[in-house]
Every structure is written in C-alpha cells, then in structure tokens.
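Take a look at the structure set out below.
In my numbering, the protein residues as written are 22 to 215.
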C-alpha cells in the first residue's frame with residue numbers, strides 16, 4: 022500500500038512539474054514575440070544567439086515587452102553583465118513591479134533580485150551575498166502567483182514579496198535603465214504559465 026501511495030505522489034508531482042515546463046519566449050534568432058521600442062537605436066539586438074541590451078549615445082532607457090500578457094507564471098532568465106554600470110530588470114505584468122538586475126540608480130549599489138516599485142522603491146532587499154556571480158552568467162527565476170512573487174538567484178530562493186500594486190495580468194518587460202553607459206546579455210528567457 023505504501024508503494025502505491027508513493028507511486029501516486031511521484032506521478033502527481035511529475036504532472037505538476039510537467040505542467041510548469043519552461044518554454045522559450047526568446048528564440049535566440051530575432052525579437053519575434055516582443056514589442057521592440059521605436060526608435061530602437063540598436064538598444065535591442067540579437068547577436069551570437071543572445072539578446073544584447075546596450076545603451077545608445079544619448080543613454081535613453083527603454084523596455085522590451087512581450088506581445089503576450091500573462092497572469093500567473095514563472096519567468097527565468099540567464100544573464101551576464103557585459104560592460105558599464107548595469108541597471109536592468111524584469112517587469113512583472115506592466116511598468117509597476119520590477120525585479121532589479123544590477124546596480125540601483127538611486128541607491129548606487131547592487132540590488133539584484135530585489136523588487137522595485139515606484140513610490141516604495143525597494144520594499145525588501147534580496148539576500149544575494151555569496152550567490153551572485155559578478156561578471157559571470159547568473160540565472161534569475163521569478164514565480165508570480167496572484168499578488169505574491171518569489172525570486173531565486175542561481176537556484177537559491179532569495180526573496181518573497183506580496184505587492185498591493187501589481188496588476189492581475191500584463192506583459193513581461195526587460196528594462197534598459199536610462200542614464201547609464203552599459204550592456205548586458207540574455208542567453209535564455211523562458212516562461213511557464215501556472
């Protein structure tokens with residue numbers, strides 16, 4: 022009987038895991054499926070199968086949005102700082118709630134994996150010491166369920182936050198913060214709806 026229960030539990034777990042299988046939303050060839058800011062100024066390009074995000078001479082910022090909107094999801098990105106003072110992030114369901122990647126423009130320190138919300142700034146700070154690989158590839162995963170999001174950095178849970186302001190649905194965005202001379206690469210951007 023115990024074996025039967027164990028097999029049932031394993032089967033149920035595999036079903037749930039399979040239901041949350043991450044799929045590419047960046048195809049490593051072009052920006053199909055994304056709304057490219059216009060004018061682009063070559064801020065957003067695909068080179069060597071990676072999304073290259075870089076500042077233009079005027080250092081204006083912009084956001085690359087998914088064409089599709091999402092409700093509850095897991096989004097996972099693999100990224101690497103290339104040059105300059107990187108200030109990027111992942112917007113969740115619109116321009117309000119964002120998970121920071123790199124140096125906060127306002128606080129002048131690395132707040133990777135921390136939420137940024139206009140008017141609240143950084144309501145909590147992720148604990149990334151010893152986890153963040155500076156100058157190397159990092160994996161940032163965000164699970165958004167209702168108003169709560171949980172963040173993992175390189176496989177380690179670093180932050181959970183419940184937001185009063187996050188919309189119920191919306192697109193996912195990748196930020197190029199204005200004012201910096203920077204570049205960052207994304208080699209994988211994957212998502213699972215839950």
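All C-beta atoms, glycine included, are put in the ideal place defined by N, C-alpha and C.
From a predicted model like this one, the values you see are computed outputs, not experimental measurements.
Apart from the five residues on each side of it in sequence, which residues of its chain come closer than 6 Å, Cβ to Cβ, to residue i?
| i | result |
| --- | --- |
| residue 207 | 72, 98, 100 |
| residue 200 | 80 |
| residue 49 | 70 |
| residue 195 | 85 |
So, at 7 Å on beta carbons, what are the nonlocal neighbours of residue i in its own chain, with the 5 sequence-adjacent residues on each side left out?
| i | result |
| --- | --- |
| residue 24 | Low confidence applies to residue 24: its pLDDT is 49, below 50, so where it sits in the model is not reliable, and the reading given next is rough at best. The answer is none, since no qualifying residue turns up. |
| residue 144 | 136, 138, 182 |
| residue 132 | 121, 125, 143, 146 |
| residue 36 | With a pLDDT of 34 at residue 36, under the threshold of 50, the modelled position of this residue cannot be trusted; read the value that follows with caution. The answer is none, since no qualifying residue turns up. |
So, at 8 Å on beta carbons, what are the nonlocal neighbours of residue i in its own chain, with the 5 sequence-adjacent residues on each side left out?
| i | result |
| --- | --- |
| residue 90 | 114, 190, 191, 192 |
| residue 215 | 40, 41, 93, 94, 95, 164, 166 |
| residue 4 | The requested residue 4 is not part of the displayed model; the chain covers only 22 to 215. |
| residue 53 | none |
Measuring CB to CB, does residue i end up less than 7 Å from residue j?
| i | j | result |
| --- | --- | --- |
| residue 134 | residue 172 | yes |
| residue 76 | residue 202 | yes |
| residue 103 | residue 184 | no |
Assuming residue i contacts residue j under a Cβ cut-off of 8 Å, what Cβ separation, rounded to an integer in Å, is found between them?
| i | j | result |
| --- | --- | --- |
| residue 82 | residue 197 | 5 Å |
| residue 120 | residue 105 | 20 Å between Cβ atoms; not a contact. |
| residue 175 | residue 154 | 7 Å |
| residue 117 | residue 188 | 7 Å |
Answer with yes or no whether the minimum CB distance from residue i to chain D is below 7 Å.
| i | result |
| --- | --- |
| residue 184 | Within the model displayed, chain D is absent; a lone protein chain is all it includes. |
| query | Any contact of the region 58-66 with the region 169-183, i.e. 3+ C-beta pairs under 8 Å? | reply | no
| said: Across the region 82-92 and the region 122-138, are there enough close Cβ pairs to call them in contact, namely three or more that are closer than 8 Å? | reply: no
| said: Give the list of continuous beta strand (DSSP E) stretches no shorter than 3 residues that lie fully inside the region 51-78. | reply: 65-68, 71-75
| message | Could you tell me which whole beta strand (DSSP E) segments of length 3 or greater appear in the region 89-137? | response | 94-105, 108-113, 118-123
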